[in-house]
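Asker:
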Amino acid sequence: MRKIHGSTIGLLTVVGIYLSGSSAYAQAWVQLSPTGTTPPPVFGHTSVYDPGTNRMIIFAGATGNDQSLDQVWVLTNANGIGGGSAWTQLLPTGPPPPRRGFHTAVYDPGNNRMTIFGGFHGGASEIAFNDAWVLTNANGLGGTPQWLQLSPTGAAPNRAEHTAIYDSATNRMTIFAGCSGNPTNCGSFLQNSIWTLINANGLGGTPQWVQLSPSGAIPPAGTLKSATYDPASNRMTVFGGASSNAAYVLTNANGLGGIPQWIQLSPTGSLPPGRNSHKAVYRAATNRMTIFSGFSGAQVNDVWVLSNANGLSGAPTWTQILASGSPPLGREASAAVYDPATNRMIVFGGINSPNGLKDVWVLLNADGVVPAPLGLVQSLPNIGGNAGQVTVRVIGSGFQSGASLKLTGLGPDILGTNTAVSDASVLTTTFNLRGVTPGTRTVVVTKLDDTAASLPSGFRVEQGGAPQIWVDIIGRDRVRIGRAQTFYVSYGNRGNIDAAGVPLWIQAPEALQLTPSFDVEPIPPLNMNTPTQPPNAAIEVLALSSNQDPSEIVLGDQQALPLLVRQVSAGSSGWLPITLAASSAVAPFDLEAWVNPPWITEITALTATGDDDAKRCVASIIVTALGWNIGTEATLAVAWYQAMQGMVLRDLGAGHFPVSDKLAFFMALIQDAIRKDSTLPVPASLQTAATNALSLFNTAAACASVSRRIEHKKITLQSVFSLDPNLKTGSQGTGVTRFIAGAEPLRYLVEFENKDTATAPAQQVFITDQLDSVNLDLNTFTLGPMLFGSTQVLPTLGVASYATTLDLRPAKNLLVRISAILNKTTGLLTWSFTSLDPVTGLPPADPLAGFLPPGVGGSVFYTVMPRNGASTGTQIRNTASIVFDTNAPILTPEWSNTIDNTKPTSHTNPLPAQSPPNFPVQWTGSDVGSGIQSFNVYVSDNGGSFAPWLSQTTSTQASYSGVTGHTYSFYSLAKDQTGNIEAPKTLGEASTTASCAASVTSSVTVTRGGFRLNNASQRYVQSIVLKNISASSIAGPVFLVLDGLSTSATLFNPNGTTACVAPLGSPFFNVNIATLAPGGTATAVLEFTNPSNQGITYTTRILHAAGTK
Amino acid sequence: MITMKTATMRKILQLSVLFLGCASLGLAGTLSYNVSLNTSPLVGHAAAPFSLNFQFNDGQGTGDANNTVSLSNFTFGVGGSAVGVPTLVNGASGSLGSGITLTDSAFFNSFTQGFTPGSQLRFLLRFTNNLDSGGTPDEFSFAILDRSGFEIPTLNVANALLIIDIDSASPAVKTFGTDPSATPVGGGGAINMGPAQVTATVPEPSSMTLLSSALAALWIRRRRLA
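These protein sequences, in sequence, are chains A and B. Using this note's numbering, the letters of the first sequence map in sequence onto residues 1 to 1109. Using this note's numbering, the letters of the second sequence map in sequence onto residues 1 to 226.
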């Protein structure tokens, strides 16, 4: 399946962006006044920009006729933010490139290398260079910069006054146009050929020049054009040259992905005057190219922006930018770089004839788009537990890359880490809340320019907490025989702290073909010494199995796909599309999904005292098996964590993997502990030690949770020959009304299909879905995948609106424009799939040209949270409308869910003050909505902190094994069918002390009377007299215990049976006396039922006072 | 003048008095009591007819038959008489007319026979006093049942009128009056009847024979010592 990730394709987020037309002069020029020695006035130089360090690197350039430089200068704080700017000249080692001008330079920020190519030396008769050089540590950091001349294979073209773009993902530099002669005869040596330098940064292999042979309308040969590059679409946009104002796009510009093709754009709007020697920068996030200055009959200083600059996502349009502030002088042959994080263009030098320039200017909001004012709407989630870390998604406006986020109030500020701006309205960050004081805090977002916005009481820290992972399967209840059917396994975390490394299983009968439609990364090899980040952090899911083919993991007649979800943040959700295909009719079957512990809950500061029972279990078992010091548990817990990070955790408990794998796992943990702590005794045989540990593990009840399936969801499917292909499905929920917790997002899938019997492909498909704006929190709306055929589009996680254009060529000579937008005011959600002619950008004239052939379907997926506080019982109903071209709308059946926003309640029943060491504990609960699912019961021993005793139990009573003399307190927490968990408790609800009553048998004589059968009661009556023969008083109550009572007789109305003082099970009778003084007596009357009139015999014991009998 | 013969006779008389005292103090043997109960409160009572119920239950529980209770000389006073045939359970035999014997040959031994209350119920109670092992004594008890077959209420928890636990050589005889606040199950008002009068009897001829034997044995022993 072709997958396109939102993070790597051109997209336009609509929310929170205002076009410049609505805010005139929103752009502004600011001149910088850098300190330090200033470079000489220069033109025809190059500049590159390192966004990570905010440094601009200047190289070479002309200073006059036949005069050029080979100097390298760095400007710090180049975008005018972060402090005063300063110039520094770098002094690289190695022979420098010959001085030059009108060359090109590109920069690889990942390796901090600048590659320069071509240019003129300066002499009137000196032809353009064809040499390529690399400057290491080009930004002046990381070591002494060094010049390295590349020695590419292939024919190197001579070029000056050309353009160059660089694709860092493939390490390829593409040059275009320019002059291959000398400065005086360029008119005869103008070029429009295009070349790519492979391994352009000097790394990855021998560099090689390759000439490309594009098709299409080739731009005229010429010099002093500009070129920008959109890495997501691999398109280069060329503008100007000579007196031209034409714009062209080259597809597959890095030489990969197919034959490159030139496409001349036909922009609308007022066109900028033709020009050369100008500068152009590009913002991928908005697909806009900004041009500045140049020679247009004179040296100009105007600024123009071309929207949809890569030729995709709509018709390109030119708009002139009227920036405020004193503009720079008109100029040509300057250098300009762009900072995408702040949307600023930095300009340096150039020539305003006859004067060279050395001024530095910054253009704010350089792409012509003014972000909405910085503002915060809400934090999702807005609650976090102080037992771990919480990743939050902040919804607002005006966010820019580089923004930071913190929580203020109640002690030190809590700074967010790994902060990322998904788009201008969505910002994510991670707070480590471990140990911080519970309470309400203010959310503060600060941009790079120090502007800030806050959300008072926007976040609350709770005591404790844990992840609560949920799983769901979204899709219809049948599959068509012979056709692949799409389902979504959705997962999320309704808890208040993040979870990482969550094992998730998907299972279906082996008779069907189960195929993941998502990227799965194989687990790295077991290497406990290098707990590094997984190779590709962008892929959310890793395969727990070494083989990603689900059919390889066979569980009876089932096949399973064991996965490891890298992170499931608190309050977040994700989805994994899969397909199921039945080649022939099969009996009704289940598609199942579940998660099983353990997972990591303490990512930033893992210790052995963390809250992952299974992790601690394994650690303690190894410690026990090897006789190590208990302190080693911490080391082993870290090892466990690293093992998880290394994605080597197998399904240890379920027995799905061979014993050798488990042994290897334990051996690795032991080895790693030894490596970390050299004082640990090394076992004589590692394998024997691991075998012993594994044996203990397999029998340890405490480790049962390792293999426990929780949140086990399944849908029963039927195989059919036909079905209604246009359908809306959603969260399964629980019960007939599909209860779902208010803390979970609702999940929806809308499926559509062009009928088999259709006579033409569908050119357009429109889907509308009216969301319940009263009961849904539309700020939480998140777009999921959009599929058609084998193409899948994955919008950036968390965005509410999305647009992109897919190029179906060469398979199909079509573009498909896909857009999705939610009107947050009306709640109307709209998707559109529109076929476009690649040449005209308009719907194809050919009625047989369409993106969706007959028999091919598609789907869209989204999630949205219920509104906070939606009452239990609120029904969320939803229907989608699907329109194919000009056909009548098709309404899908309604899908409804019922909200359960009520936490269940429970309590532990009172306990007697004293209990035997093994005593029963009972609890009960109730729930409004979906009903009680299970209980967690916690116990405190002698006033210590409460710890889990029973987890996820459906029982309402159990026997607790205590220690005599210890006092135990209990409380219960109930969980309902939707996952709502009762509010935390800190105090016990029932307490008892495990104790036994003392025996005073030797101090008391027992004088028995005989038996008389009372005809009325039919019970034998016996009088007993107890006498204290000791010198001390005996504190009451005094209990007479009858041991060995004849089996035919039963003591009537005993006060209990002995359960603490052996022998157990004997009935006892309360003599009901407060104190038995020395010499004092007490009389008891016993009654026995004895239907068979057998003899009644027994022996006696006397117990007294407090304690359990 | 006290002669040797006179002294010997005095000694014998002293011993015989001592023996009689021992019988009443409980040395193993047979104890005998006259029991008298004013039954006039029962005359014409709505809970009639009444029955006399005697139980003699084995303390050891095994039915060791180590003790016997005999009841004889029943008189019922003016207007009273025995009625019907007795109900005998386990070690019970006889009748109100011929006399009753109860032996603890089973755990539960019971005699019941109807009677018409007269002014005064009298009978002679005799029993042996061998102790049981196991801590629970054999127990003789006496109760009056009403028309329902249930005991008329007394101040005893088992509604007995008389209880003797054979827990020593001279067991206590415990008597109880009726409970004036409780009505019989068989109907009618509460019965206000005092506890039975129990008096120990002098030894009967058979007992004197035993005493003579004992004196003879003592005499023979004395002679041998002399």
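Ideal Cβ placement from N, Cα and C applies to all residues, glycine included. Please read these numbers as outputs of a predicted model, since none were measured by experiment.
List the residues of chain B whose Cβ lies closer than 9 Å to the Cβ of V1085(A), in chain order.
Answerer: Along the first sequence, read from residue 1 onward, the residue named residue 1085(A) stands at position 1085. Here the neighbours are V157 and A158.
Asker: When burial is assigned at 16 or more other CB atoms within 10 Å of the CB, is T3(B) buried or exposed?
Answerer: Here residue 3(B) is taken as the residue at index 3 of the second sequence, counted from 1. Because the pLDDT at T3(B) is just 37, under 50, the model does not fix this residue reliably, and the point stays unresolved.
Asker: What does a CB cutoff of less than 6 Å around A1059(A) pick up in its chain, not counting 5 residues either side in sequence?
Answerer: Position 1059 of the first sequence, counted from the start, is the residue given in the question as residue 1059(A). Excluding residues within five positions, the ones whose Cβ falls inside 6 Å are P916.
Asker: Flag N57(B) as yes if its beta-carbon sits less than 8 Å from any beta-carbon of chain C, otherwise no.
Answerer: Protein chains in the displayed structure are A and B, and chain C is not among them.
Asker: With contact counted as at least three CB pairs below 8 Å, one residue from each stretch, are the stretch 912 to 928 of chain A and the stretch 883 to 898 of chain A in contact?
Answerer: Because the criterion of three Cβ pairs below 8 Å is not met, the stretch 912 to 928 of chain A and the stretch 883 to 898 of chain A do not touch.
Asker: Classify N65(A) as helix, strand or coil using the three-state DSSP reduction.
Answerer: Translated into the one-based positions of the first sequence, residue 65(A) becomes position 65. Residue state, collapsed to three classes: coil.
Asker: Strictly under 8 Å for the Cβ-Cβ distance: is L25(B) near chain A by that measure?
Answerer: Here residue 25(B) corresponds to residue number 25 of the second sequence, with the count starting at 1. Note that L25(B) has pLDDT 34, beneath the 50 cutoff, so the model's placement of it is unreliable and no number is given.
Asker: Given that V185(B) touches chain A, what residues does it touch there, using C-beta distances under 8 Å?
Answerer: On the second sequence, residue 185(B) is found 185 positions in, with the first residue counted as 1. What V185(B) touches in chain A: A1016.
Asker: Does the contact criterion of 3 or more C-beta pairs under 8 Å hold for the stretch 1043 to 1061 of chain A versus the stretch 1022 to 1030 of chain A?
Answerer: Flag = no, the stretch 1043 to 1061 of chain A and the stretch 1022 to 1030 of chain A do not touch.
Asker: How about A888(A) and V750(A): are their beta carbons less than 8 Å apart?
Answerer: Residue mapping note: residue 888(A) aligns to position 888 of the first sequence, counting from 1. Residue mapping note: residue 750(A) aligns to position 750 of the first sequence, counting from 1. In this structure, V750(A) does not lie closer than 8 Å to A888(A) by Cβ.
Asker: Taking P373(A) as the reference, which of S168(A), T716(A) and A453(A) has the closest Cα?
Answerer: Working through the first sequence from its first residue, we reach residue 373(A) at position 373. Checking every option, the nearest Cα to that of P373(A) belongs to A453(A).
Asker: Considering Y1098(A), what are the terminal residues of the beta strand (DSSP E) in which it resides?
Answerer: As a first step, residue 1098(A) is located in the first sequence; it is residue number 1098 there, counting from the start. Per DSSP, Y1098(A) belongs to no beta strand (DSSP E) and is neither H nor E.
Asker: Measuring CB to CB, does F1110(A) end up less than 8 Å from I474(A)?
Answerer: One cannot answer for residue 1110(A) here, as it falls past the ends of chain A, which runs 1 to 1109.
Asker: Any C-beta of chain B sitting closer than 8 Å to the C-beta of R1101(A)?
Answerer: Sequence index remark: in the first sequence, residue 1101(A) carries index 1101 (1-based). No, its Cβ sits nowhere closer than 8 Å to a Cβ of chain B.
Asker: Along the beta strand (DSSP E) that carries K174(B), what are the first and last residues, could you check?
Answerer: On the second sequence, residue 174(B) is found 174 positions in, with the first residue counted as 1. First-last of the beta strand (DSSP E) with K174(B): V173 to T175.
Asker: Can you name the residues of chain A whose CB is closer than 8 Å to the CB of T87(B)?
Answerer: Position 87 of the second sequence holds residue 87(B). The contacting residues do not exist; T87(B) stays about 11 Å from chain A at best.
Asker: Is N343(A) near A366(A), with beta carbons less than 8 Å apart?
Answerer: The residue you call residue 343(A) lines up with position 343 of the first sequence. The residue you call residue 366(A) lines up with position 366 of the first sequence. Yes; because the gap between Cβ atoms is below 8 Å, this pair is in contact.
Asker: Are there 16 or more other CB atoms within 10 angstroms of the CB of S307(A), so buried, or fewer, so exposed?
Answerer: Residue 307(A) sits at position 307 when you count from the first residue of the first sequence. Classification for S307(A): buried.
Asker: With a cut-off of 8 Å, does the C-beta of T1097(A) fall near any C-beta of chain B?
Answerer: Here residue 1097(A) is taken as the residue at index 1097 of the first sequence, counted from 1. Output row for T1097(A): interface = yes.
Asker: List the endpoints of the continuous beta strand (DSSP E) containing M173(A).
Answerer: For the purposes of this step, residue 173(A) is identified with residue 173 of the first sequence, where counting begins at 1. It spans R172 to C179 - the beta strand (DSSP E) in which M173(A) sits, taken as one unbroken run.
Asker: Just to confirm before moving on: does the CB-CB distance between T874(A) and I890(A) stay below 8 Å?
Answerer: Reading the first sequence from its first residue, position 874 is the one you call residue 874(A). Reading the first sequence from its first residue, position 890 is the one you call residue 890(A). No, the pair does not count as a contact, with Cβ atoms beyond the cut-off.
Asker: Check whether the stretch 271 to 281 of chain A touches the stretch 252 to 263 of chain A, taking contact to mean three or more Cβ pairs, one atom from each stretch, closer than 8 Å.
Answerer: The stretch 271 to 281 of chain A is not in contact with the stretch 252 to 263 of chain A.
Asker: Going by C-alpha distance, which of G1056(A), F1068(A), V586(A) and T63(A) is nearest N352(A)?
Answerer: Locating residue 352(A) in the first sequence gives position 352, where the first residue counts as 1. That would be T63(A), whose Cα lies nearest to the Cα of N352(A).
Asker: For Q261(A), tell me which candidate among M236(A), G241(A) and S270(A) has the shortest Cα-Cα distance.
Answerer: By one-based count along the first sequence, residue 261(A) stands at place 261. Checking every option, the nearest Cα to that of Q261(A) belongs to M236(A).
Asker: Based on DSSP bridge pairs, tell me the residues matched to C186(A).
Answerer: Position 186 of the first sequence, counting from 1, holds the residue named residue 186(A). Partner(s): none; C186(A) has no beta bridge.
Asker: Under the assumption that T805(A) contacts L814(A) (Cβ atoms under 8 Å), give the Cβ distance between them as a whole number of angstroms.
Answerer: Position 805 of the first sequence, counting from 1, holds the residue named residue 805(A). Position 814 of the first sequence, counting from 1, holds the residue named residue 814(A). About 10 Å separates the two Cβ atoms, so there is no contact after all.
Asker: Could you please tell me which residues of the stretch 100 to 114 of chain B, in chain order, have their CB closer than 7 Å to any CB of chain A?
Answerer: Those residues of the stretch 100 to 114 of chain B that come within reach of chain A (Cβ to Cβ, closer than 7 Å) are F107 and F108.
Asker: For D138(B), which residues does DSSP report across the bridge?
Answerer: Reading the second sequence from its first residue, position 138 is the one you call residue 138(B). The partner list for D138(B) (beta bridge, DSSP) reads I166(B).
Asker: Considering Cα atoms alone, identify which of N67(B), G135(B), I164(B) and T199(B) is closest to A143(B).
Answerer: Indexing the second sequence from 1 puts residue 143(B) at position 143. Closest by alpha carbon: I164(B).
Asker: Quick check on P180(B) - is its C-beta less than 8 Å from some C-beta in chain A?
Answerer: Translated into the one-based positions of the second sequence, residue 180(B) becomes position 180. So no, P180(B) is outside the interface.
Asker: Have a look at I263(A) and N310(A) and give me their C-alpha separation to the nearest angstrom.
Answerer: If you number the first sequence from 1, residue 263(A) lands on position 263. If you number the first sequence from 1, residue 310(A) lands on position 310. Roughly 10 Å separates the two Cα atoms.
Asker: Given that P137(B) touches chain A, what residues does it touch there, using C-beta distances under 8 Å?
Answerer: As a working note, residue 137(B) is residue 137 in the second sequence. By Cβ distance, chain A contributes R1008, G1009 and G1010.
Asker: Quick check: S397(A) and A424(A), are their CB atoms within less than 8 Å of each other?
Answerer: If you number the first sequence from 1, residue 397(A) lands on position 397. If you number the first sequence from 1, residue 424(A) lands on position 424. Yes, the pair counts as a contact, with Cβ atoms nearer than the cut-off.
Asker: Indicate whether M173(A) and T144(A) have their beta-carbon atoms separated by less than 8 Å.
Answerer: Taking the first sequence and counting its residues from 1, one reaches residue 173(A) at position 173. Taking the first sequence and counting its residues from 1, one reaches residue 144(A) at position 144. In this structure, T144(A) does not lie closer than 8 Å to M173(A) by Cβ.
Asker: In the structure shown, what three-state DSSP assignment does A693(A) receive?
Answerer: Taking the first sequence and counting its residues from 1, the one referred to as residue 693(A) is at position 693. Residue state, collapsed to three classes: helix.
Asker: Check the C-beta distance from V479(A) over to L580(A) and give it rounded, since I have them as a contact under 8 Å.
Answerer: As a working mapping, residue 479(A) is identified with position 479 in the first sequence. As a working mapping, residue 580(A) is identified with position 580 in the first sequence. Rounded, the Cβ-Cβ distance is 5 Å, consistent with contact.
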